[in-house]
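Colleague: Taking mature numbering (1 follows the signal peptide of the UniProt record, and there is no 0), I'd label the letters of the sequence shown as residues -17 to -1, 1 to 92.
For glycine and all other residues, C-beta sits at the position ideal for the given N, C-alpha and C.
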Amino acid sequence: MLLAFLLRMLLPLSSFAASRLFRTRSPAWGQGAARLLATRAGATDVGSPVASVRHFLQEQDLDAFVVPTDDPHLSEYPPRCFARRQFISGFTGSAGTALLTRENALLWT
């Protein structure tokens, strides 16, 4: 499941097939996302996605992972299926970039 998540995040989403892969979710992934995003206070628990990316960074000996707002079509307002930054950070604004390192999680708006 972690590998499928990271493949969705890392694949160059410039082709139709890749965008379909990103939108396709297994039932287990959907249930996990529902638990993360549905909290009583309305806040998003981003601990699990951030931990997953940090684990991947450690395994691949990488220093950082950049999560932009852009979609492959460079739309002004990307559709929800490309809301990677929102998934990883919980930030729902129209512009911003997230940067995850092994020690820090940063967000520029």
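1. Ignore the nearest five residues each way along the sequence and tell me which others in Leu82's own chain have a CB closer than 7 Å to its CB.
2. Where do the ends of the beta strand (DSSP E) carrying Phe48 lie?
3. Output the distance between the C-alpha atoms of Ala78 and Arg67, rounded to the nearest integer angstrom.
4. Name, in chain order, the residues that DSSP records as bridge partners for Leu82.
5. Taking Cβ positions only, does Ala88 come closer than 8 Å to chain C?
6. Can you list, in chain order, the residues of its chain whose CB lies under 7 Å from that of Asn87, leaving out five sequence neighbours each side?
7. Would you mind working out which of Pro55, Gln69 and Val36 sits nearest Thr92, comparing C-alpha positions?
8. Would you identify the three-state DSSP class for His38, choosing helix, strand or coil?
9. Identify whether Phe74 lies in helix, strand or coil by the three-state DSSP scheme.
10. Could you tell me how far apart the beta carbons of Leu40 and Arg85 are, in whole angstroms, since I believe they sit closer than 8 Å?
11. Identify, in the order they occur along the chain, each residue of the same chain with its Cβ nearer than 7 Å to the Cβ of residue 99, setting aside the five sequence neighbours on each side.
Modeller: Taking the geometry as given:
1. As a working note, residue 82 is residue 99 in the sequence shown. Here Leu82 has Ala47, Val49 and Leu89 as same chain residues with Cβ atoms under 7 Å from its own Cβ, once five neighbours each way along the sequence are excluded.
2. As a first step, residue 48 is located in the sequence shown; it is residue number 65 there, counting from the start. Per DSSP, the continuous beta strand (DSSP E) segment holding Phe48 begins and ends at Ala47 to Val50.
3. On the sequence shown, position 95 is the one that residue 78 refers to. On the sequence shown, position 84 is the one that residue 67 refers to. Roughly 12 Å between the two C-alpha positions.
4. Indexing the sequence shown from 1 puts residue 82 at position 99. For Leu82, the beta-bridge partners assigned by DSSP are Val49 and Leu89.
5. Protein chains in the displayed structure number just one, and chain C is not present.
6. Here the question's residue 87 lines up with position 104 in the sequence shown. Once the five neighbours on either side are set aside, Asn87 has no close Cβ partner at all.
7. If you number the sequence shown from 1, residue 92 lands on position 109. The closest CA to that of Thr92, considering only Pro55, Gln69 and Val36, is found on Gln69.
8. Stepping through the sequence shown from its first residue, residue 38 is reached at position 55. Assigned with DSSP and collapsed to three states, His38 falls in helix.
9. Within the sequence shown, the letter at position 91 stands for residue 74. Coil.
10. Looking up residue 40 in the sequence shown gives position 57. Looking up residue 85 in the sequence shown gives position 102. The pair is a contact, with the Cβ atoms about 6 Å apart (cut-off 8 Å).
11. Only positions -17 to 92 of the chain appear in this structure, which leaves residue 99 out of reach.
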